[in-house]
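Throughout the sequence shown, residue numbering follows the working numbering, covering 110 to 594 in sequence. Glycine residues also receive a C-beta, built at the ideal position from the N, C-alpha and C atoms.
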Amino acid sequence: MGLKIYNSLSRQLEDFTPLTEGQVSMYSCGPTVYDYIHIGNARTALVTDIIRRYLEYSGYTVKLVQNVTDIDDKIIARAQTLGISSSQLAHTNSEAYFEDTQRLGIQAADVHPKATEHIPEMIDLIQTLIDKGAAYVVDGSVYYRVNTFNEYGKLSKRKPEDLLAGARVEVDKRKEDPRDFDMWKAAKPGEPYWESPWGPGRPGWHIECSSMAMKHLGETIDIHAGGEDLLFPHHENEIAQSELATGKTFARYWVHVAFLKIDGRRMGKSERNFIFLRDALDRYPAEVIRHFLISAQYRHPLDYSLESLQKSESALKRLNNCLETLKKYDEDTNETSDDKTSQTSKVSKADISLLSAIENMQAQFTDAMNTDFNTAQAMGSIFSLVSHVNRSIANSNGVSSNTLAKARKTLYETCQVLGIYTINEDDTGNTAEYLNPLLELLLEIRQNARNQKDWDTSDKIRDRLKQLNIEIQDTHEGSTWKFIP
Ligand code: AMP
Ligand code: ZN
110 MGLKIYNSLS RQLEDFTPLT EGQVSMYSCG PTVYDYIHIG NARTALVTDI
160 IRRYLEYSGY TVKLVQNVTD IDDKIIARAQ TLGISSSQLA HTNSEAYFED
210 TQRLGIQAAD VHPKATEHIP EMIDLIQTLI DKGAAYVVDG SVYYRVNTFN
260 EYGKLSKRKP EDLLAGARVE VDKRKEDPRD FDMWKAAKPG EPYWESPWGP
310 GRPGWHIECS SMAMKHLGET IDIHAGGEDL LFPHHENEIA QSELATGKTF
360 ARYWVHVAFL KIDGRRMGKS ERNFIFLRDA LDRYPAEVIR HFLISAQYRH
410 PLDYSLESLQ KSESALKRLN NCLETLKKYD EDTNETSDDK TSQTSKVSKA
460 DISLLSAIEN MQAQFTDAMN TDFNTAQAMG SIFSLVSHVN RSIANSNGVS
510 SNTLAKARKT LYETCQVLGI YTINEDDTGN TAEYLNPLLE LLLEIRQNAR
560 NQKDWDTSDK IRDRLKQLNI EIQDTHEGST WKFIP
């Protein structure tokens, strides 16, 4: 069975085939940087990270783009309250976003475009829509004319009459139709602005994502992701703008992540019930938070509680203990190569049983992830192999080191897809922050040694790191390091 993705557009599980064979383009709506992110925002970012990791594990080359909304009403309002500029506030919070998500083991996207760095592209797109009669200018603001796009409502499945009723709640007299939305907002006194053909102003949120997605990924993208709250109006409006401008499908698969809840209510800034990701990371190891956030399939709501985190903590302890024990078996094998040879040739009943458990686990893991990235079931398959391995070791049932090494490799590889057992933390939960500069320092010392032709020191650093499962690779651009699986 190949990969199936639930497409919010068709409301069905669909076979996944990218537009270009072997390559996937993916856009994920990123943070509006008016504050630190909470663990609800982190759920959406993490799901994007896991989808990308799994696509890569399945052999695709992925280009992931995740924007940073660095100009918006909330940013302006908060900056005014704090007495700083909007750009200063946005800069501080986007740096904090990258720091926090990195601590959670989320890999950086290939491009993180900032809205304020794409104003000319937004102006071009708005102009195209005006030229096509799909937008109009009123007092320096530009509105999208919803009734020019016949398919408006196709994502949210809202009928025109429902949309009208909803939009009437806050009627802007300047709009031709209450459903119309702004793409360019005329500058108000004291607010940041950019020059445009319609006067000074700033872009609306929806045009930002349409422009940045198309600039970095082309007119049609494979996967577009975001939290469930973005489905309407944000994504509906992105479709209307992009498809009317290009006449092409904007995004082929729409993925929406369900809310993280707390006490049954959505975790959110407006609800005042949120926990900043950085505060959670100061209290719990990143892997625990990560495990908790993927303990439900992404379309199911997930409830935050201390008990759930504690459950994740003890599950991970079991997994880590198992992998650490298996590492030892692996090393034992290397030390006694004679034993290894004799063990390889003997395949006991216990070996056959564990080998088949490994095979089952791989099949279950792939099935789970192929079924709309079901991380909960994928994790279940990992833990069933952990139980099998633990039983084999505890019963000393004659399973060979080779088979145990195979179990370790399989567990390690699948854990990497989920990004667990890879964050390698110290007790304070900050290892990535410590390890990177530490290794940079070691690589620098080694480079100095190499420059002085001190090959002993250079080799010693490389060999000792290898014993710690860290491999140094020398390239023309310099040396890099990676963990050895
Ligand atoms: P914002 O910074 O509010 O624009 O949100 C950034 C991303 O986090 C968006 O994709 C939101 O849909 C998502 N998000 C916000 N709150 C939650 C939540 N409680 N659970 C899951 N995702 C959320
Ligand atoms: Zn967006």
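Review point. Should the region 419 to 431 be called in touch with the region 486 to 503, which here means at least 3 C-beta pairs below 8 Å?
Key: yes
Exercise for review: Compare the beta carbon distance of Asp219 and Asn256 with 8 Å and say whether it is the shorter of the two.
Suggested key: no
Review point. Do the CB positions of Val526 and Tyr169 come within less than 8 Å of each other?
Key: no
Review point. What residues in its chain sit with their C-beta under 7 Å from that of Asn116, if we drop five residues either side in the sequence?
Key: Glu123, Tyr362, Trp363
Check your understanding: Which residues are close to the ligand ZN, meaning CB closer than 5 Å to any heavy atom, in chain order?
Key -> Cys138, Cys318
Exercise for review: Please write down, chain order preserved, every residue whose beta carbon lies under 6 Å from a heavy atom of the ligand AMP.
Suggested key: Cys138, Pro140, Thr141, Gly149, Asn150, Arg152, Thr153, Gly335, Gly336, Asp338, Leu339, Val366, Phe368, Leu369, Arg375, Met376, Gly377
Review point. Considering only the beta carbon of each residue, do Gln473 and Ser490 sit closer than 8 Å?
Key: yes
Exercise for review: Give a yes or no on whether the C-beta atoms belonging to Asp481 and Lys113 are separated by under 8 Å.
Suggested key: yes
Point to revise | Range of the contiguous alpha helix (DSSP H) that encloses Ala243 | key: Note, Ala243: premise wrong, no alpha helix (DSSP H); not H, not E.
Check your understanding: Are three or more beta carbon pairs between the region 323 to 331 and the region 348 to 362 nearer than 8 Å?
Key -> yes
Review point. By DSSP, does Gln175 sit in helix, in strand, or in coil?
Key: strand
Check your understanding: Skipping 5 residues on each side, what residues in its chain have a beta carbon closer than 8 Å to that of Leu264?
Key -> Ser117, Leu118, Leu340, Phe341, His344, Glu345, Ile348, Trp363
Review point. Between the C-alpha atoms of Gln216 and Thr237, what's the straight-line distance to the nearest angstrom?
Key: 35 Å
Practice item. Return the CA-CA distance between Asn150 and Ser414, expressed in angstroms with no decimal places. Key: 16 Å
Review point. What distance in whole Å lies between the Cβ atoms of Ser137 and Thr157, which are believed to be in contact at a cut-off of 8 Å?
Key: 4 Å
Check your understanding: Of all the options Pro410, Gln121, His365, which has the alpha carbon lying nearest to the alpha carbon of Gly373?
Key -> Pro410
**Study point:** Sheet register partners of Lys113 (DSSP bridge)
**Key:** Asp124, Thr480
Exercise for review: Indicate whether the contact test is met: 3 or more Cβ pairs, each with one atom in the region 185 to 201 and one in the region 396 to 403, closer than 8 Å.
Suggested key: no
Check your understanding: Roughly how far, in whole angstroms, is the beta-carbon of Thr519 from the beta-carbon of Gln582, given that I think they are within contact range, below 8 Å?
Key -> Going by Cβ atoms, the distance from Thr519 to Gln582 rounds to 24 Å, so no, they are not a contact pair.
**Study point:** DSSP state of Gly596 mapped onto helix, strand, coil
**Key:** In the structure as shown, the chain begins at 110 and stops at 594. Residue 596 is therefore absent and cannot be evaluated.
Practice item. Determine the closest residue to Met292 out of Thr589, Ser510, Glu230, with distance taken between C-alpha atoms. Key: Glu230
Exercise for review: Identify, in the order they occur along the chain, each residue of the same chain with its Cβ nearer than 8 Å to the Cβ of Leu435, setting aside the five sequence neighbours on each side.
Suggested key: Val498, Leu513, Ala514, Ala516, Arg517, Leu520
Review point. Which parts of the region 387 to 475 are runs of the beta strand (DSSP E), unbroken and 3 residues or longer, counting only runs that do not cross its ends?
Key: 411 to 413
Review point. Sorry if obvious, but does the Cβ on His333 come closer than 7 Å to a heavy atom of the ligand GDP?
Key: For the structure depicted, the ligand GDP is absent and the ligand set comprises only the ligand AMP and the ligand ZN.
Point to revise | Identity of the residue in Ala199, Glu208, Val251, Val247 nearest Asp66 by Cα | key: This structure gives no information on residue 66, because the portion of the chain shown stretches from 110 to 594.
Review point. Taking the continuous beta strand (DSSP E) assigned at Asp565, which residues delimit it?
Key: No beta strand (DSSP E) holds Asp565; the alpha helix (DSSP H) holding it covers 564 to 576.
Review point. Ordered along the chain, which non-local residues of its own chain (more than five positions away) have a Cβ less than 7 Å from that of Leu272?
Key: Gly262, Arg288
Review point. Rounded to the nearest angstrom, how far is the Cβ of Tyr145 from that of Asp209, given a contact under 8 Å?
Key: 7 Å
Practice item. Just the C-alpha distance for His147 and Gly336, rounded to the nearest angstrom, thanks. Key: 13 Å
**Study point:** Of the listed residues Val456, Cys524, Ala503, nearest to Gln486 (C-alpha basis)
**Key:** Cys524
Practice item. Note down, in chain order, each residue of its chain lying with its Cβ closer than 7 Å to the Cβ of Glu468, except the 5 sequence neighbours on either side. Key: none
Review point. Can you tell me whether DSSP reads Lys183 as helix, strand or coil?
Key: helix
Check your understanding: Could you give the C-beta distance for Leu213 and Ala395, rounded to a whole number, given that I count them as a contact under 8 Å?
Key -> 5 Å
Review point. Taking Cβ to Cβ, would you say Gly313 is nearer than 8 Å to Lys282?
Key: no
Exercise for review: Have a look at Glu553, Asn557, Ser305 and flag the residue whose alpha-carbon is nearest the alpha-carbon of Thr589.
Suggested key: Glu553
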